[in-house]
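The next block holds one structure in the form of structure tokens; read it before the comments.
In our numbering, the protein residues as written are 13 to 201.
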């Protein structure tokens, strides 16, 4: 395992602090009039998702974390966990439902996902930025309601409910932004 000196800190690097992996979300360089240069960082724990800020001085360093990302596929749910297959090794890995429940609401079996590994162990799943899902239920649009920003609730095939424009009907396929959970567009079949 190598080390990264403070002068090489940048957004996106993976480091290890107290035997846990972190991703550096921000790094701001500050050079006061007197004294050493400072590096104000914002770090996210890759195991728990917690964030903290810490300031490092010129000359400090952090250990690199053995974190890598592979493409994978969501295979199936197994009790209280979800099973994913690594596309490069074809190995199956599972994650507890509590760790990925919020992201799983957008996925059907067979969906392509990103898999994040630390020391050879799966630690998290990254859903695609956008998904295309079928509307299983929505109320019909009210006649004459042609205003452009009128929305209504729609239930998608994964069971999640989102707001869609009034012209969407049962059976339509829609593109959803998984980060915000918002409707993007209707997909013509």
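A virtual CB, placed ideally from N, CA and C, is assigned to each residue, including glycine.
(message) What would DSSP say about residue 92, mapped onto helix, strand or coil?
(response) Coil.
(message) Comparing C-alpha positions only, which one of 86, 22, 131, 148 sits nearest to residue 55?
(response) For residue 55, the closest of 86, 22, 131, 148 by C-alpha to C-alpha distance is 22.
(request) Please list the segments of the beta strand (DSSP E) lying wholly inside the stretch 91-160, counting only runs of 3 or more residues, in order along the chain. (result) Every beta strand (DSSP E) stretch that sits fully inside the stretch 91-160 and reaches 3 residues is listed by chain position as 93-98, 104-108, 124-130, 133-138, 142-150.
(request) Quick one: grab the DSSP three-state call for residue 191. (result) Reduced to three states, the DSSP call for residue 191 is coil.
(request) Report the option in 190, 138, 183 whose CA atom is closest to the CA atom of residue 86. (result) Nearest option by C-alpha distance: 138.
(request) Using a threshold of 8 Å, state whether the C-beta atoms of residue 81 and residue 37 are closer than that. (result) Inclusion of residue 81 and residue 37 in the CB contact set at 8 Å is not warranted, their separation being larger than that value.
(message) Considering only their Cβ atoms, is the gap separating residue 76 from residue 26 smaller than 8 Å?
(response) In contact: residue 26 and residue 76 (Cβ atoms closer than 8 Å).
(message) Can you find the residues in the same chain that come closer than 6 Å, C-beta to C-beta, to residue 49, ignoring five residues on each side of it along the sequence?
(response) Cβ within range, chain order: 43, 70.
(request) Please check the pair residue 165 and residue 147, which I expect to be a contact at CB under 8 Å, by giving their CB distance rounded to whole angstroms. (result) That pair is no contact at about 10 Å.
(message) Cutting at 6 Å between CB atoms, please list the residues of its own chain near residue 105, excluding the five before and the five after it.
(response) Answer for residue 105: 96, 134, listed in chain order.
(message) With H, G and I counted as helix, E and B as strand and the rest as coil, what does DSSP make of residue 32?
(response) In this structure, residue 32 counts as strand in the three-state DSSP scheme.
(message) Quick test of your reading: residue 58 and residue 15, contact by CB under 8 Å. State the CB separation rounded to the nearest angstrom.
(response) About 18 Å; that fails the 8 Å criterion.
(request) For residue 47, name the three-state secondary structure that DSSP assigns. (result) For residue 47, the three-state secondary structure derived from DSSP is coil.
(request) Name, in chain order, the residues that DSSP records as bridge partners for residue 74. (result) BP columns for residue 74 point to 16.
(request) Leaving out five residues on either side along the sequence, give the residues of the same chain with a beta carbon under 7 Å from the beta carbon of residue 64. (result) Answer for residue 64: 55, listed in chain order.
(request) Have a look at residue 170 and residue 110 and give me their C-alpha separation to the nearest angstrom. (result) Computed Cα separation, rounded: 17 Å.
(request) Identify, in the order they occur along the chain, each residue of the same chain with its Cβ nearer than 8 Å to the Cβ of residue 182, setting aside the five sequence neighbours on each side. (result) Contacts found: 147, 148, 149, 150.
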